[in-house]
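Note that the numbering used here has the sequence shown beginning at 6, numbered continuously upward.
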Amino acid sequence: MAGKPLEKAASPETMGFKAYNLARMAALGLNVPPAFVLGTGFCAHPETATPALWHDALVRLEAATGLGFGDPRRPLLLSVRSGAPVSMPGMMETLLNIGLTEATLPGLIRSTGNPRLAWDAYRRLIAGYGEVVAGVNAADFEADLDAVRLGEEERMLDFAALRDLAQRHLETYRRSAGEAFPQDAVVQLQAAIAAVFRSWSSPKAVAYREMRGLSHGMGTAVTVQRMVFGNAGGLSGAGVGFTRNPSDGNPAPWVDFLFNAQGEDVVSGRRSAQGHDRLAAIAPRVWEELVEAATALERHFGDMQDFEFTIEDGKLFLLQTREGKRTPQAAARIALDMAEEGLIDRETACLRTAGLDAAALTTRIIVAEDGAAPTVLGHAATASSGVVSGVVALNDAQVAALETEGKPAILARQNAETGDIALLERVQGLLTRHGARTSHAAVVARQLGKVCLVGCEAMRIDESSDRIGFGDTWLDPGGVITLDGNSGTIFAGASRTAEQVPAELLQRLDRLHATRDERKSGPASTGLCLA
């Protein structure tokens with residue numbers, strides 16, 4: 006796949022943006038695992054995407070990798086991912102480690118010399134497949150995990166514990182699905198492809214399209230790609246990054262990363278991740294390579310990118326890139342900086358900043374009231390900046406009740422999951438106990454302009470009493486909190502705020518939007534682009 010130019014017939018409309026951009030990255034010489042794609046045309050009739058349809062493509066993928074799908078000696082494992090013609094982060098499903106069975110697992114152990122990797126991949130497959138294909142409640146698999154780890158961090162479990170976990174998952178699958186987990190690789194792949202096509206019509210995907218005014222007729226493609234393993238131990242891990250800060254536009258990579266993990270750990274919203282500092286400290290060569298790849302992506306695509314990557318035994322693989330969602334402040338700075346850097350022309354910068362006037366770029370900051378500092382409840386990672394106060398809500402019913410009373414709501418959740426997409430539009434902010442800044446739900450919150458703090462491990466949620474707590478402090482039901490997305494702080498009560506106008510940024514926009522003969526076109530900061 007690497008180095009091959011795109012065929013003329015290829016387009017995001019036919020093969021989805023994910024596969025289209027994978028091909029573009031491969032053509033740039035970036036390290037992309039080989040893959041094949043089932044186009045968007047099959048989405049309306051997924052029953053036609055049978056093994057007979059994709060058999061030849063799978064054979065070519067086997068030849069490209071030197072591995073065999075279902076081969077008990079050198080098994081090829083696959084990821085199955087969605088990909089609409091436009092970005093819909095986290096709205097559809099992904100399945101990993103397809104092709105791992107009781108027959109191929111020993112071959113994976115022998116070929117990698119890593120029994121922990123094999124058992125970790127297997128237990129992940131059973132849980133992921135069970136949830137997405139068979140409809141098993143994810144909480145049932147989480148209960149298995151809690152029973153095995155006994156408070157220990159998941160990534161620290163050895164192969165014996167993971168083997169025990171896989172066996173528990175098999176029994177949970179059998180009990181909840183009413184049948185045994187499938188041990189035929191082809192059956193797994195066929196069901197995974199059908200499930201990804203089916204996820205195009207999931208409630209959260211439909212809600213997202215309606216929210217964004219997107220056509221329900223576009224359909225999604227399905228990308229089938231060779232697995233690479235961030236859970237191989239050593240210098241292995243998975244991450245998601247932006248080529249520039251999506252909150253303020255700072256021109257430096259903004260990355261969440263987990264060692265010894267797979268990509269879903271970062272984007273699912275069920276795990277908290279670390280920033281890039283640890284990666285840069287432990288694997289400086291890989292970090293330098295990642296920074297170079299980010300620079301290459303911006304140079305080629307001409308815009309800030311949101312990318313996913315895996316590191317397997319110190320080797321970097323790029324798995325996705327797309328235009329990154331950003332705040333209005335970041336949009337303005339990124340366009341201005343890129344024009345000055347020569348990455349885009351002045352006309353493009355004008356188009357990207359149209360409408361970004363003083364009102365759009367003004368933010369809120371917390372100010373002291375009568376010299377009294379507000380009470381700090383906790384801290385979290387900032388996924389989307391700003392300041393907002395509201396009543397804590399734990400579910401749809403509570404949000405609806407607050408809407409009826411005309412009160413602003415802040416949604417508090419255990420995980421930053423995209424199933425909350427419809428609720429996110431109705432609340433002022435999102436606070437989660439788990440999740441990374443780059444998890445899909447955080448990306449959507451930033452796109453919607455909602456203040457979002459994630460990974461507040463000190464927060465506890467008591468669903469039975471409709472309250473949340475921080476340390477020894479519990480808030481009564483209906484309690485008000487303030488999220489300060491500028492500092493990542495959670496305060497008790499409603500804090501006093503003031504508007505902050507970015508004068509320097511507005512001045513730069515004025516200069517950009519001036520006519521070529523430097524005549525002004527009316528009031529400052531109108532955001533109009535004059536050619």
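Every residue gets a Cβ at the ideal spot worked out from N, C-alpha and C, and that includes glycine.
{"query": "Same chain, Cβ closer than 6 angstroms to residue 414, five either side skipped, listed in chain order", "result": "395, 396, 398, 404, 407, 432"}
{"query": "Burial state of residue 286 (16 or more Cβ within 10 Å)", "result": "exposed"}
{"query": "Cβ-Cβ distance between residue 146 and residue 90 below 8 angstroms", "result": "no"}
{"query": "Coil, strand or helix - residue 129 by DSSP", "result": "helix"}
{"query": "In chain order, each beta strand (DSSP E) run of at least 3 residues that lies wholly inside the segment 445-472", "result": "456-459, 464-467"}
{"query": "At least 3 beta-carbon pairs within less than 8 angstroms: the segment 354-361 vs the segment 487-503", "result": "no"}
{"query": "Nearest-angstrom beta carbon gap, residue 256 and residue 330 [assumed within contact, 8 angstroms]", "result": "Contact doesn't hold; Cβ gap of about 17 angstroms is too wide."}
{"query": "Simplified DSSP assignment, three categories, for residue 46", "result": "helix"}
{"query": "Every unbroken alpha helix (DSSP H) inside the segment 271-309 [4 residues or more]", "result": "282-287, 289-306"}
{"query": "The segment 28-38 in contact with the segment 315-329 per 3-pair CB rule at 8 angstroms", "result": "yes"}
{"query": "Cβ neighbour criterion (16 or more within 10 Å) applied to residue 265", "result": "buried"}
{"query": "Residue range of the alpha helix (DSSP H) that includes residue 410", "result": "401-410"}
{"query": "Selected residue, minimal CA-CA separation from residue 30, among 437, 304, 334", "result": "304"}
{"query": "Continuous beta strand (DSSP E) stretch holding residue 417: start and end", "result": "414-418"}
{"query": "One or two residues paired with residue 486 in a DSSP bridge", "result": "395, 497"}
{"query": "Extent of the continuous beta strand (DSSP E) to which residue 79 belongs", "result": "Unbroken run through residue 79: none, as it is neither H nor E."}
{"query": "Three-state secondary structure assigned by DSSP to residue 146", "result": "helix"}
{"query": "Exposed unless 16 or more other CB atoms sit within 10 angstroms - verdict on residue 401", "result": "exposed"}
{"query": "Close-in-space but distant-in-sequence residues of the same chain around residue 136 (CB under 8 angstroms, 5 per side omitted)", "result": "142, 143, 146"}
{"query": "DSSP three-state assignment for residue 188, whether helix, strand or coil", "result": "coil"}
{"query": "Beta carbon of residue 99 nearer than 8 angstroms to that of residue 261", "result": "no"}
{"query": "Residue from 418, 254, 455 with nearest C-alpha to residue 275", "result": "418"}
{"query": "Length of the line joining the Cα atoms of residue 134 and residue 74", "result": "17 angstroms"}
{"query": "The segment 54-68 touching the segment 221-233, judged by at least three CB pairs closer than 8 angstroms", "result": "yes"}
{"query": "Nearest-angstrom Cα separation, counted from residue 519 out to residue 533", "result": "Residue confidence for residue 533 is low, a pLDDT of 35 falling below 50, so the modelled location carries little weight; the figure read from the coordinates is stated next. Their Cα atoms are separated by approximately 9 angstroms."}
{"query": "Cβ neighbour criterion (16 or more within 10 Å) applied to residue 161", "result": "exposed"}
{"query": "Straight-line gap, residue 76 to residue 223 (C-alpha atoms, nearest Å)", "result": "36 angstroms"}
{"query": "Residue 208, buried or exposed, once every other Cβ within 10 Å from all chains shown has been counted against 16", "result": "exposed"}
{"query": "CB of residue 116 within 8 angstroms of CB of residue 79, strictly", "result": "yes"}
{"query": "Boundaries (first-last residue) of the alpha helix (DSSP H) holding residue 174", "result": "164-182"}
{"query": "Test item: CB-CB of residue 103 and residue 82 under 8 angstroms", "result": "yes"}
{"query": "Inter-residue spacing [alpha-carbon to alpha-carbon] between residue 124 and residue 177", "result": "16 angstroms"}
{"query": "Proximity winner among 202, 489, 57, relative to residue 391 (alpha-carbon distances)", "result": "489"}
{"query": "Contact check, residue 54 vs residue 198, beta carbons under 8 angstroms", "result": "yes"}
{"query": "Beta-carbon spacing of residue 121, residue 171 below 8 angstroms", "result": "no"}
{"query": "Residue from 368, 159, 350, 373 with nearest C-alpha to residue 267", "result": "159"}
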